[in-house]
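K.L.:
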Amino acid sequence: MALKNAAGSKSSGSSLDDDDEDEDDDVCDWGFVVRKKSGVDEVYPTGGEGSSCRELARVILKLGEVYERIEGAKQRMMVELEKQRMEAAKEIELQRMNMLMDMQMELERSKLAKRRTAASD
Numbered sequence: 027m028a029l030k031n032a033a034g035s036k037s038s039g040s041s042l043d044d045d046d047e048d049e050d051d052d053v054c055d056w057g058f059v060v061r062k063k064s065g066v067d068e069v070y071p072t073g074g075e076g077s078s079c080r081e082l083a084r085v086i087l088k089l090g091e092v093y094e095r096i097e098g099a100k101q102r103m104m105v106e107l108e109k110q111r112m113e114a115a116k117e118i119e120l121q122r123m124n125m126l127m128d129m130q131m132e133l134e135r136s137k138l139a140k141r142r143t144a145a146s147d
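Sequential numbering of the sequence shown, starting at 27, is according to my numbering.
1. Just the C-alpha distance for S79 and L89, rounded to the nearest angstrom, thanks.
2. To the nearest angstrom, how far is the alpha carbon of M112 from that of M129?
3. In the structure shown, what three-state DSSP assignment does D147 receive?
4. Give the secondary structure of Y70 by DSSP, where H, G and I count as helix, E and B as strand, and everything else as coil.
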């Protein structure tokens, strides 16, 4: 099935067909611009064994990018979890201190009540 993209050229509907064009920027079927990364294409000439090596290099680079995104997300998640852990620890410590102060005040009240009853006898 051939589709016309925003640039007016025919496409089979797959954005992979745009990789063979010589333009730096391709317009996909949806109308946004896909920028090609240079580097891999310049190292290996087109055709033959170089083409498969170029494709392998592209896949490896893509895998590296995915890995970096996942590791970045993992790092952000760890930072967020650490913040939540610290906040929870702070809240628990405040509750512990409040309970301790309440117990001390209750103990003092109890001692004061005992002294009053002992003094009145």
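Don't be surprised by glycine CBs; every beta carbon is placed ideally from N, CA and C.
P.N.:
Reading off the structure:
1. Position 53 of the sequence shown, counting from 1, holds the residue named residue 79. Position 63 of the sequence shown, counting from 1, holds the residue named residue 89. Per the sequence shown, the amino acid found at residue 79 is Cys instead of Ser. Distance between the alpha carbons of C79 and L89: 15 Å.
2. Locating residue 112 in the sequence shown gives position 86, counting from the first residue. Locating residue 129 in the sequence shown gives position 103, counting from the first residue. One C-alpha to the other measures close to 26 Å.
3. By 1-based counting over the sequence shown, the position of residue 147 is 121. Reduced to three states, the DSSP call for D147 is coil.
4. In the sequence shown, residue 70 corresponds to position 44, counting from 1. Low local confidence applies: a pLDDT of 47 at Y70 is under 50, so the model's placement there is unreliable, and no value is given.
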